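Contents: one structure, followed by commentary.
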Amino acid sequence: STLGVPQHLEDFLFSYFSYTLFLNNRTSCIFQQKKNYGNYNKRKTNVRLVSSCLMDDSFSCSGSSSNSPGEMIEIFYKCINEKNLKEMSTYISEDCLIEDTLFSEKFKGKKAAMSFIEKLTESMGPDMKFRIRKVYERRPSTARAIWHLEWRNMEIPLTKGCTFIDIRDEERKTIQMVQIITESQLKAGHLFLAIMKLVTLLLAKHPAILEWLTKVSQQRWVKRISKICIFLFKHLLDNFLKSYLTFIHLGTQLYSHVLNFLCYVIECFK
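9 is the number of the first residue of the sequence shown in the numbering used here; add one for each residue after it.
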């Protein structure tokens, strides 16, 4: 490293910064996922853009043995929108793993994955839907989709995200891994750049700080405090999202009543 910063720290900062840039730029979904999804570098990987059939809700499922990865990710969200857990279960492998950036834990195994999907569909209610914008496919087994949430065909702000899936290509194709990355609720890009620069300079002058932080993070009391903070943050976030959705629901109802009133006034003057 030219600044004297440990290489693994630079890799971590670069990866995190890449995720931030992606979520703030709708047209960019090219970044490294070496561990689970291979390298998506433009010069090394041919990524195929697939037009999404979920834009008009006209997608129909064929046999899973012939579905491409792009079609499988559309089936995944079609089943969620329709709350069709029975059909979804046929596409989830026994050792499926679901990772969501909103959750600290991972959902390992078919039972845990289906439980997560069931709670998700229950939380969405009858009027909220996933709307896929674009599907990128990397054959033979990987696809990713850019999406947002809609409430009665109206886009909900700050709900964009990207989902990666990895397909097990056997006699019947099943979803082996799902990784969901959601849009950050805090738009602190400039602050993040300033903090990253400060941390980089600090570690360049005092590299022992990183070793000290690594040792401290292994202490039991630090882990317990971290779990408590995550627990409190999770409940605060859940309450915030519930209030946010309630506010949107009341806003749409008010908007509908205003339109009905205007239509009534117009009819009276005709």
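Where a beta carbon is used, it is the ideal one built from N, C-alpha and C, also for glycine. Keep in mind it's a predicted model, so treat the numbers as computed, not measured.
Roughly how many angstroms lie between the CA atoms of leucine 110 and leucine 210, to the nearest whole one?
Position 102 of the sequence shown, counted from the first residue, corresponds to residue 110. Position 202 of the sequence shown, counted from the first residue, corresponds to residue 210. Using only the alpha carbons, I get a separation of about 30 Å.
Unbroken beta strand (DSSP E) runs of length 3 or more, entirely within the stretch 77–141: which are they?
Those beta strand (DSSP E) runs which fall completely within the stretch 77–141 and span 3+ residues are 100–108.
Excluding the five sequence neighbours on either side, which residues of its own chain have a C-beta within less than 7 Å of the C-beta of serine 70, listed in chain order?
On the sequence shown, position 62 is the one that residue 70 refers to. Below a pLDDT of 50, predicted positions are generally treated as unreliable, and serine 70, at 48, falls in that range; no measurement from the model is reported.
What do you get for leucine 31, buried or exposed, if any count of 16 or more other CB atoms within 10 angstroms of its CB means buried?
Mapped onto the sequence shown, residue 31 falls at position 23. The predicted position of leucine 31 is uncertain, since its pLDDT is 46 and thus under 50; no value can be drawn from it.
Can you tell me whether glycine 78 is buried or exposed? The criterion is at least 16 other CB atoms within 10 Å of its CB, across all chains shown.
Taking the sequence shown and counting its residues from 1, the one referred to as residue 78 is at position 70. Counting Cβ neighbours within 10 Å, glycine 78 comes out buried, since at least 16 surround it.
Could you give the first and the last residue of the continuous beta strand (DSSP E) run that contains leucine 157?
Translated into the one-based positions of the sequence shown, residue 157 becomes position 149. Its beta strand (DSSP E) spans residues 150–159.
Alpha carbon to alpha carbon, how far is asparagine 75 from serine 97?
Residue 75 sits at position 67 when you count from the first residue of the sequence shown. Residue 97 sits at position 89 when you count from the first residue of the sequence shown. Rounded to the nearest angstrom, the two C-alpha atoms are 16 Å apart.
Return helix, strand or coil for glutamate 191, following the three-state DSSP convention.
Walking along the sequence shown from the start, residue 191 turns up at place 183. In this structure, glutamate 191 counts as coil in the three-state DSSP scheme.
What residues match up with threonine 171 in a beta bridge as DSSP calls it?
On the sequence shown, residue 171 is found 163 positions in, with the first residue counted as 1. Ala153 and Ile188, per the DSSP bridge assignment.
Do threonine 167 and histidine 156 have their beta-carbon atoms positioned less than 8 Å apart in this structure?
Counting from 1 along the sequence shown, the entry for residue 156 is found at position 148. Counting from 1 along the sequence shown, the entry for residue 167 is found at position 159. Against a cut-off of 8 Å, the Cβ pair of threonine 167 and histidine 156 comes out as a contact.
Taking only three categories from DSSP, how would you classify arginine 180?
Reading the sequence shown from its first residue, position 172 is the one you call residue 180. Coil.
Helix, strand or coil: which one does DSSP assign to serine 66?
Within the sequence shown, residue 66 is the residue found at index 58, counting from 1. In this prediction, serine 66 has a pLDDT of 46, which is less than 50 and means its spatial position is unreliable; what the coordinates show is noted afterwards. Of the three classes helix, strand and coil, the one that applies to serine 66 here is coil, per DSSP.
Would DSSP call arginine 228 helix, strand or coil?
One-based indexing of the sequence shown puts residue 228 at position 220. It is helical.
Between isoleucine 100 and threonine 182, which are expected to be in contact by the criterion C-beta below 8 Å, what is the C-beta distance as a whole number of angstroms?
Here the question's residue 100 lines up with position 92 in the sequence shown. Here the question's residue 182 lines up with position 174 in the sequence shown. Confirmed, about 6 Å.
Can you tell me the Cβ-Cβ gap for leucine 93 and isoleucine 125, rounded? I've got them flagged as a contact below 8 Å.
As a position in the sequence shown, residue 93 is number 85, starting the count at 1. As a position in the sequence shown, residue 125 is number 117, starting the count at 1. Contact flag correct, Cβ pair sits at about 7 Å.
So, using beta-carbon positions, are aspartate 174 and methionine 185 closer together than 8 Å?
Mapped onto the sequence shown, residue 174 falls at position 166. Mapped onto the sequence shown, residue 185 falls at position 177. A contact, by the Cβ cut-off of 8 Å.
By Cβ distance, which residues of its chain are closer than 7 Å to alanine 121, with the 5 residues on each side in sequence left out?
Here the question's residue 121 lines up with position 113 in the sequence shown. Answer for alanine 121: Ile100, Cys104, Ile106 and Phe115, listed in chain order.
Distance, Cα to Cα, lysine 118 vs lysine 223?
By one-based count along the sequence shown, residue 118 stands at place 110. By one-based count along the sequence shown, residue 223 stands at place 215. Computed Cα separation, rounded: 36 Å.
Are there 16 or more other CB atoms within 10 angstroms of the CB of serine 36, so buried, or fewer, so exposed?
Translated into the one-based positions of the sequence shown, residue 36 becomes position 28. For serine 36, the predicted structure reports a pLDDT of 37, less than 50, and the residue's modelled location is therefore unreliable. The matter cannot be settled from this model.
Provide the residue(s) that pair with methionine 162 in DSSP beta bridges, ordered along the chain.
By one-based count along the sequence shown, residue 162 stands at place 154. The partner list for methionine 162 (beta bridge, DSSP) reads Trp159.
Could you check what DSSP says for asparagine 75 in three-state terms: helix, strand or coil?
Residue numbering aside, residue 75 sits at position 67 when the sequence shown is read from its first letter. Of the three classes helix, strand and coil, the one that applies to asparagine 75 here is coil, per DSSP.
What's the call for alanine 212, buried or exposed, on a 16-neighbour Cβ count within 10 Å?
For this step, residue 212 is matched to residue 204 along the sequence shown. Alanine 212 is exposed by the Cβ-count criterion.
Between Ile154, Ile203, His265 and Tyr263, which has its C-alpha nearest isoleucine 81's C-alpha?
Numbered from 1 along the sequence shown, position 73 holds the residue referred to as residue 81. It is Ile154.
From Arg152, Glu90, Arg147 and Met132, pick the residue whose C-alpha is nearest to that of arginine 141; which is it?
By 1-based counting over the sequence shown, the position of residue 141 is 133. The shortest Cα separation from arginine 141 among Arg152, Glu90, Arg147 and Met132 belongs to Arg152.
What are the boundary residues of the alpha helix (DSSP H) that includes histidine 214?
Residue mapping note: residue 214 aligns to position 206 of the sequence shown, counting from 1. Neither: histidine 214 is in no alpha helix (DSSP H) and is coded neither H nor E.
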